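Asker:
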Amino acid sequence: MSPLSNNSLFLRYHRNPLPEFFARGLPVTLSTDDPLQFHYTKEPLMEEYSIAAQAWKLSSCDMCELARNSVIMSGFPHEMKQYWLGVDYRVEGPAGNDITFTNVPDVRISFRYETLIDELQNIFRGDARVAEHQKSLRVSPSMTQSTARHDDSSTMVKLETNLSAAEVFPGQSSTF
Numbered sequence: 028m029s030p031l032s033n034n035s036l037f038l039r040y041h042r043n044p045l046p047e048f049f050a051r052g053l054p055v056t057l058s059t060d061d062p063l064q065f066h067y068t069k070e071p072l073m074e075e076y077s078i079a080a081q082a083w084k085l086s087s088c089d090m091c092e093l094a095r096n097s098v099i100m101s102g103f104p105h106e107m108k109q110y111w112l113g114v115d116y117r118v119e120g121p122a123g124n125d126i127t128f129t130n131v132p133d134v135r136i137s138f139r140y141e142t143l144i145d146e147l148q149n150i151f152r153g154d155a156r157v158a159e160h161q162k163s164l165r166v167s168p169s170m171t172q173s174t175a176r177h178d179d180s181s182t183m184v185k186l187e188t189n190l191s192a193a194e195v196f197p198g199q200s201s202t203f
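The working numbering puts the sequence shown at residues 28 to 203.
1. If you run the structure through DSSP and keep just helix, strand and coil, what is G52?
2. So, is the C-beta of W83 closer than 8 Å to a C-beta in chain C?
3. Closer than 6 Å by C-beta to P54: which residues in its own chain qualify, once you throw out the five before and the five after it? Chain order, please.
4. Measure how close the beta-carbons of R139 and G52 come, nearest whole angstrom, since I'm counting them as under 8 Å.
5. From the DSSP output, in three-state form, read off L190 for me.
6. Determine the direct distance from the alpha carbon of Y116 to that of K108, and round the result to whole angstroms.
7. Taking E47 as the reference, which of D89, P121, E119 and D145 has the closest Cα?
8. Using C-beta distances below 8 Å, list every residue in its chain close to V131, excluding the 5 sequence neighbours before and after it, in chain order.
9. I'd like to know whether the C-beta atoms of L72 and T59 end up nearer to each other than 8 Å.
10. Give a yes or no on whether the C-beta atoms belonging to L112 and T127 are separated by under 8 Å.
11. Can G120 and I99 be called in contact, C-beta distance under 8 Å?
12. Going by C-alpha distance, which of I150, E106, A122 and A82 is nearest P44?
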C-alpha cells in the first residue's frame, strides 16, 4: 500500500486500512506511488515507513515484518531474497524465518502461520484438516481452475487459482 499517495488522492491517512489489515495478519507491505509527486525527500520509501510508524504507532518488530513481507512479495531474484531473508525463506511458518536476517521473532511468524491455517480450516469447514505436527500450505497461482481441496493421504492444503480465468461478476469473465 502507498498511504501517502492514497492520502493525497482519495483516502485520508487515518482511514487507510493498512493497520487493520496488518493487525488481522494479512501480508501487507508499504510502497511508494509516484514518488516525485507525493514525496518530499530523496528516500520516498523511508518516508512511507517513517510516517506509518508515527501515525499508526508501529513497533520496530512491526516495521521489520512489513519489510520482510515486501521482500517476499517483491520481484527480486531468489538469490537476492535468500541474501536478505536467509536460505529457507520459502519454507512456511517459523522454520522459514531466520531472525538474524529478518529481526522478526519466530513467535510472531508462528502466530501468523497458525492463524492462517485456522482461518483456512474455518473457510473450508473441515475439508482442510491439517495435522498439528505437519502444517504446510502451498499456493499455486498458475493452476487452471479455482479450487481448494484436501488430499486425505497427506496433510497438505492446496489452493489452486488462475486469475486470468476468474469471474469478476457471475457470468462475466475478465482477464487480469
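The beta carbon of each residue, even a glycine, is placed where N, CA and C say it ideally should be.
Quantities reported herein were computed from a predicted structural model and do not represent experimental measurements.
Answerer: Looking at the atomic coordinates:
1. The count along the sequence shown starts at 1 and reaches residue 52 at position 25. Here G52 sits in coil by DSSP.
2. Among the protein chains of the structure shown there is no chain C, as only one such chain exists.
3. Walking along the sequence shown from the start, residue 54 turns up at place 27. Around P54: N96.
4. For the purposes of this step, residue 139 is taken as the residue at position 112 of the sequence shown. For the purposes of this step, residue 52 is taken as the residue at position 25 of the sequence shown. Correct: roughly 5 Å between the Cβ atoms.
5. The residue given as residue 190 occupies position 163 in the sequence shown. At L190 the pLDDT is 37, less than 50, meaning the model places this residue with poor confidence; the figure from the coordinates comes in the next sentence. Three-state result, L190: helix.
6. Within the sequence shown, numbered from 1, the residue matching residue 108 stands at position 81. Within the sequence shown, numbered from 1, the residue matching residue 116 stands at position 89. Approximately 8 Å, taken between the alpha carbons.
7. By one-based count along the sequence shown, residue 47 stands at place 20. Nearest to E47 by C-alpha distance, out of D89, P121, E119 and D145, is D89.
8. Mapped onto the sequence shown, residue 131 falls at position 104. These residues qualify, in order along the chain: C88, C91, E92, R95 and N124.
9. Taking the sequence shown and counting its residues from 1, the one referred to as residue 72 is at position 45. Taking the sequence shown and counting its residues from 1, the one referred to as residue 59 is at position 32. Taking C-beta atoms as the reference points, L72 and T59 count as a pair closer than 8 Å.
10. Sequence index remark: in the sequence shown, residue 112 carries index 85 (1-based). Sequence index remark: in the sequence shown, residue 127 carries index 100 (1-based). No, these two residues do not count as a Cβ contact at 8 Å.
11. As a working note, residue 120 is residue 93 in the sequence shown. As a working note, residue 99 is residue 72 in the sequence shown. With contacts defined as CB atoms closer than 8 Å, G120 and I99 fail to qualify as a contacting pair.
12. In the sequence shown, residue 44 corresponds to position 17, counting from 1. Residue A82 is the option with its Cα nearest to P44.
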